[in-house]
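Scroll down for the structure; my scribbles are underneath it.
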Amino acid sequence: MNATSNHTRRQLDAGKIAIGMGLRLARTVDIATLGKTCGFDWLFIDMEHNSMDVDTAAQIAMASLAVGITPIVRVPGKEHHHASRLLDAGAQGIVVPHVDSVAEAERAVAYCKYPPMGHRSAMGALPQFGYRNVPLAEATAGANAETFVCVMLETPGAIALADEIAAVPGLDAILVGTNDLCCEMGIPGQYEDPQVEAAYVKVIDTCRRNGIHPGMGGVYDARLLEKYIGLGMRFVLAGGDLGFLMAGAQQRADFLHGLPLEQA
23 MNATSNHTRR
33 QLDAGKIAIG
43 MGLRLARTVD
53 IATLGKTCGF
63 DWLFIDMEHN
73 SMDVDTAAQI
83 AMASLAVGIT
93 PIVRVPGKEH
103 HHASRLLDAG
113 AQGIVVPHVD
123 SVAEAERAVA
133 YCKYPPMGHR
143 SAMGALPQFG
153 YRNVPLAEAT
163 AGANAETFVC
173 VMLETPGAIA
183 LADEIAAVPG
193 LDAILVGTND
203 LCCEMGIPGQ
213 YEDPQVEAAY
223 VKVIDTCRRN
233 GIHPGMGGVY
243 DARLLEKYIG
253 LGMRFVLAGG
263 DLGFLMAGAQ
273 QRADFLHGLP
283 LEQA
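Whatever position you read off the sequence shown (first residue = 1), add 22 for the working numbering.
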């Protein structure tokens, strides 16, 4: 019995781009179908910069499994239960923020993967298998094959260790946390600074050499997205529900307020 296929993993392994939508406002399961209908490959269920609780994240993850959009959770910290509770509840991927060492990357994998790849604790029937009673050896192997593990590099020191971090067995992707990286570099918001491009190029190159996927978040300008995707970024956070709502609402309000009115 196979686990629910991880659509984002299939996209990336085929050399395609996988685009995600960040969740800051959404609290209902409708967002899974909405994201799928709009053409997104994954949902970035953000539990670091968000008041969302575990139960809400789990409900969205379950709805995502049903419609074929990958539920990926950015966890709020680096403890094992931050990852295991969401994976047990239906998530197909985990993003661990603020990873600054090889040891932290190794622990991220260990928390997300069952033995022999890691040390995730085994439980009973999993939602990724439709709660079917699957033999444990089959379930752990299937879950390992479909679970997507990503770490975020967000400091110059972490970028300097990208080669070593990318070589950690079981790691699937490195996501550059561009906003925090710029702040740590002393250039907040300066996404076109040569230091930022150099960090992107380093991560792209090392991910290619190690057979994992380079990712980006925090940069939503269309011109810069085109530039960095052209350089090789493939696991791309394309924006978030708040930004999309604001942009659409602003555009409509500006249009309507700009219409000429005939005087009665």
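The C-beta atom is built at its ideal place from N, Cα and C for all residues, glycine as well.
Excluding the five sequence neighbours on either side, which residues of its own chain have a C-beta within less than 8 Å of the C-beta of F170, listed in chain order?
Same-chain partners within the cutoff: N28, T30, R31, T92, I94, Q114, G115, I116, D194, A195.
For T26, which of helix, strand or coil comes out of DSSP?
Coil at T26, not helix or strand.
Leaving aside the five residues before and after N155 along the sequence, list all residues of the same chain whose C-beta is less than 8 Å from its C-beta, in chain order.
Contacts found: A147.
How would you label G233, buried or exposed, when you count the other beta carbons within 10 angstroms and need 16 or more for buried?
Label assigned to G233: exposed.
Would C60 be called buried (16 or more neighbouring beta carbons within 10 Å of its own) or exposed?
Exposed is the call here.
Ignore the nearest five residues each way along the sequence and tell me which others in D68's own chain have a CB closer than 7 Å to its CB.
Contacts found: G44, L45, R46, R96.
Over the uninterrupted alpha helix (DSSP H) stretch that includes G164, give me the two end residues.
G164 -> alpha helix (DSSP H) spans 158-168.
Does I41 get closer than 9 Å to chain D when you measure Cβ to Cβ?
Of the protein chains in this structure there is only one, and it is not chain D.
Terminal residues of the continuous alpha helix (DSSP H) containing A129?
Position check: residue 129 holds Arg in this sequence, whereas Ala was assumed. Unbroken alpha helix (DSSP H) run through R129: 124-134.
Less than 9 Å separating the beta-carbons of L267 and V258?
Contact: no.
Buried or exposed: which applies to K58, given that a residue is buried once 16 or more other Cβ atoms fall within 10 Å of its Cβ?
Buried is the call here.
Report the three-state DSSP secondary structure of P11 (helix, strand or coil).
One cannot answer for residue 11 here, as it falls past the ends of the chain, which runs 23 to 286.
Between the alpha carbons of V198 and P236, how many angstroms are there, rounded?
Near 8 Å, if we compare the C-alpha coordinates of P236 and V198.
Just grab the DSSP bridge partners of I67 for me.
Beta-bridge pairing links I67 to L45, V95.
Just confirm the distance between the C-beta atoms of C112 and P149, as a whole number of angstroms; I'd bet it's less than 8 Å.
Note that residue 112 is Gly in the sequence shown, not Cys. Between P149 and G112 the Cβ distance is about 4 Å, and since that is below 8 Å, they are a contact.
What did DSSP end up calling V117 once you bin it into helix, strand or coil?
The answer is strand: DSSP assigns V117 an E or B state.
Identify which residue in G262, G179, A180, F151 has its Cα closest to the Cα of L56.
When each option's Cα is compared against that of L56, the closest is G262.
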